[in-house]
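Residue numbers (the numbering used here): 136 to 733.
All residues carry an ideal CB built from backbone N, CA and C; glycine is no exception.
Given the structure is predicted, the values throughout are model-derived calculations rather than measurements.
What follows is a short report on a single structure.
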Ligand code: AGP
């Protein structure tokens with residue numbers, strides 16, 4: 136969580152570069168923001184969204200030739216001015232920004248307080264500038280003071296620091312993302328590439344333990360033993376345009392509309408329509424696992440539920456686990472189990488912990504992720520990319536759809552035996568057009584006009600549509616702040632039915648016309664009997680539309696692909712509901728895109 140940024144070598148443009156960088160990292164946290172500039176060691180920080188800091192910067196017109204910045208998602212201490220980063224030592228000689236959690240901060244703080252230091256904030260981060268300052272006081276040179284301080288930290292961090300009189304940015308990475316952008320005679324540092332992609336696409340992905348010392352003359356990369364390391368500079372393919380809003384009111388809406396492209400990219404080059412085969416080259420040497428355990432959080436967990444259901448339907452023992460539970464209560468693992476982490480960012484701390492727990496028990500791991508070179512991609516034995524492109528909106532949309540396609544590709548690659556996949560391949564090929572037709576014709580906005588002032592919203596489905604029901608509810612509560620719950624349709628009668636009233640519309644996801652669909656029709660009638668309006672999200676294969684009070688239609692397709700289409704309708708419902716309620720759709724309260732703390 137939190138976004139950090141730094142730049143050196145941009146002279147008069149420094150403030151602008153830092154502020155623009157923070158703007159594109161806001162998805163990582165928006166409780167407060169701040170910058171520190173050298174050589175003047177000016178620190179400006181403000182609680183609230185970045186606009187508050189922008190006002191201060193506009194008013195004070197600070198100058199600097201290098202600097203660091205931070206946008207915060209609070210962990211230690213509420214979002215106040217004094218808890219905003221950068222944090223400084225008592226004399227303002229050292230300023231530090233940090234993303235992550237310093238787990239031994241309480242011990243370090245006690246030690247520092249015992250020497251007479253008074254803390255100004257409630258953050259874990261503040262120990263860092265004090266430790267560096269103390270090291271300077273005993274005569275250590277700035278680089279040694281920085282390294283010795285980093286050596287004492289436990290936990291996860293991406294840290295950047297400026298030290299008075301050095302014209303240098305010092306940075307370190309351990310467990311939280313940090314990338315370096317290499318420009319002409321200048322260097323950028325950030326939690327994520329969008330922060331500097333308008334200036335350079337040449338990137339160094341730092342690994343845990345790496346440290347960077349950047350000056351106007353160049354940069355040095357070191358490992359945790361302070362030995363120089365050589366990490367290749369890579370040129371990333373996306374541009375500043377990919378990370379803009381392209382005329383849409385919100386990133387979420389833009390990303391919903393990018394789904395046809397995202398899905399095409401995800402599927403492209405991974406099938407042979409004539410042969411009826413699907414191949415994921417990245418993993419085509421993996422033998423069929425005896426069992427698959429998925430670990431993931433939030434929306435990605437819903438993709439995991441879908442993936443596990445699909446694999447079970449193919450006869451493979453598979454189960455989805457919430458990553459935050461998995462690491463601390465690990466289920467039994469047998470030899471030949473594959474543990475698959477589904478994570479858009481590839482940086483979610485809970486998912487990384489679950490994957491590491493599986494790795495420590497000797498099984499093979501695979502990351503299904505959107506982020507090339509992310510920690511999950513690098514740490515797992517295998518990585519499969521969903522190729523959805525950058526997703527900035529906190530609410531995951533195009534990446535969820537792409538994860539579901541990714542799960543299908545994964546399942547078909549992993550499960551051995553000859554199957555004729557031509558019908559599935561055809562549906563996957565048609566998927567971008569099918570999504571486009573929903574985007575062009577959806578009645579979601581009208582539906583919100585009719586039901587948008589309800590007391591709560593429920594979502595039900597069976598089989599792979601359970602994942603869609605849960606995701607529909609998560610999206611709804613996340614961006615509209617309305618009460619929303621998703622249930623396997625058959626579970627309603629075991630408790631949740633007590634919540635159903637004429638003021639609680641129920642979205643029933645009914646695709647196909649198999650036994651599950653038929654039983655869901657029965658559940659629709661049960662809620663109608665309690666007076667709740669029912670909205671069917673359906674492909675028209677069953678008579679769900681006839682039973683329902685309203686319908687959101689999806690094109691007919693393969694039964695495995697239909698949930699992806701149904702989900703697009705529910706994304707639009709949540710979007711229009713949140714919009715009608717005037718919510719800050721791309722920055723829902725208390726949330727952040729990438730959750731890098733456990
Ligand atoms: C949902 O819209 C959220 N963005 C959230 O639930 C997210 O899916 C979760 O935090 C996991 O993130 P990841 O996919 O990057 O691991």
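Along the beta strand (DSSP E) that carries residue i, what are the first and last residues, could you check?
i	result
residue 292	290–298
residue 592	592–596
residue 205	201–207
residue 234	229–237
residue 308	303–309
residue 215	Counting along the chain, residue 215 falls outside any beta strand (DSSP E), and DSSP gives it neither H nor E.
residue 623	619–623
residue 686	685–688
residue 642	641–645
residue 141	138–143
residue 579	Premise fails: residue 579 lies in the alpha helix (DSSP H), 579–586, not in any beta strand (DSSP E).
residue 332	Residue 332 -> no beta strand (DSSP E), and no H or E assigned at all.
residue 671	669–673
Figure out for me which residue from the options has the closest Cα to the Cα of residue i.
i	options	result
residue 582	477, 526, 373 and 711	711
residue 261	315, 219 and 343	219
residue 461	454, 256, 651 and 489	489
residue 365	378, 342 and 372	342
residue 555	677, 408 and 269	408
residue 453	439, 464 and 463	439
residue 514	155, 536, 474 and 437	474
residue 472	607, 587 and 421	421
residue 672	502, 721 and 577	577
residue 571	254, 395 and 609	395
residue 263	222, 272 and 198	222
residue 481	326, 143 and 216	326
residue 683	698, 656 and 690	656
residue 613	680, 720 and 690	720
residue 217	256, 502, 647 and 226	256
residue 175	429, 243 and 201	201
residue 470	606, 426 and 632	426
residue 698	205, 437 and 142	437
residue 372	506, 274 and 271	506
State the start and end residues of the unbroken alpha helix (DSSP H) segment that holds residue i.
i	result
residue 175	Where residue 175 is concerned, there is no enclosing alpha helix (DSSP H), given that its DSSP letter is neither H nor E.
residue 346	Unbroken run through residue 346 is the beta strand (DSSP E), 346–350; no alpha helix (DSSP H).
residue 151	149–160
residue 709	697–715
residue 614	599–615
residue 263	262–272
residue 284	277–287
residue 240	240–249
residue 657	650–664
residue 252	First-last for residue 252: undefined, no H or E at that position.
residue 682	679–682
Bridge partners for residue i per DSSP, in chain order?
i	result
residue 337	370
residue 168	181 and 206
residue 323	142 and 316
residue 220	The partner list for residue 220 (beta bridge, DSSP) is empty, contrary to what the question assumes.
residue 355	348
residue 477	503
residue 363	357
Could you confirm whether any beta carbon from chain D is found closer than 8 Å to the beta carbon of residue i?
i	result
residue 534	Annotation note: the requested chain D is absent from the structure, which comprises a single protein chain.
Tell me whether residue i, by its Cβ, gets closer than 7 Å to a heavy atom of ligand 2.
i	result
residue 530	Absent from the structure shown: ligand 2. Ligands present: ligand 1.
With contact counted as at least three CB pairs below 8 Å, one residue from each stretch, are the segment 413–421 and the segment 545–553 in contact? yes
Inside the segment 391–473 only - beta strand (DSSP E) runs reaching at least 3 residues: Every beta strand (DSSP E) stretch that sits fully inside the segment 391–473 and reaches 3 residues is listed by chain position as 426–431 and 452–457.
May I have a chain-ordered list of the beta strand (DSSP E) segments no shorter than 3 residues that lie completely inside the segment 485–570? 499–504 and 517–520
Check whether the segment 712–732 and the segment 375–388 touch, using three or more Cβ-Cβ pairs below 8 Å as the test. yes
Please determine if the segment 586–594 and the segment 628–643 are in contact, where contact requires at least 3 C-beta pairs separated by less than 8 Å. yes
Below 8 Å, how does it come out for the segment 612–620 and the segment 450–468: are there three or more Cβ pairs, yes or no? Verdict: no, contact absent.
Check whether the segment 206–214 touches the segment 141–148, counting contact only when three or more Cβ pairs, one atom from each stretch, lie closer than 8 Å. no
With contact counted as at least three CB pairs below 8 Å, one residue from each stretch, are the segment 496–508 and the segment 357–364 in contact? Touching, no, given that fewer than three Cβ pairs across the two stretches are closer than 8 Å.
Between the segment 722–732 and the segment 597–611, do three or more beta carbon pairs fall short of 8 Å? These segments do not touch.
Does the pairing of the segment 157–166 with the segment 175–191 give three or more beta-carbon distances under 8 Å? Yes, since at least three Cβ pairs between the segment 157–166 and the segment 175–191 fall closer than 8 Å, the two stretches touch.
If we count Cβ pairs, one from each stretch, closer than 8 Å, do we get three or more for the segment 216–234 versus the segment 288–303? yes
Under 8 Å: do the segment 265–276 and the segment 320–332 share three or more Cβ pairs, one atom per stretch? no
Counting beta carbon pairs with one atom in the segment 532–545 and one in the segment 696–711, are three or more of them shorter than 8 Å? yes
Would you be able to state if there are at least three C-beta pairs under 8 Å between the segment 505–522 and the segment 535–543? Between the segment 535–543 and the segment 505–522 there are three or more C-beta pairs closer than 8 Å, enough to call the two in contact.
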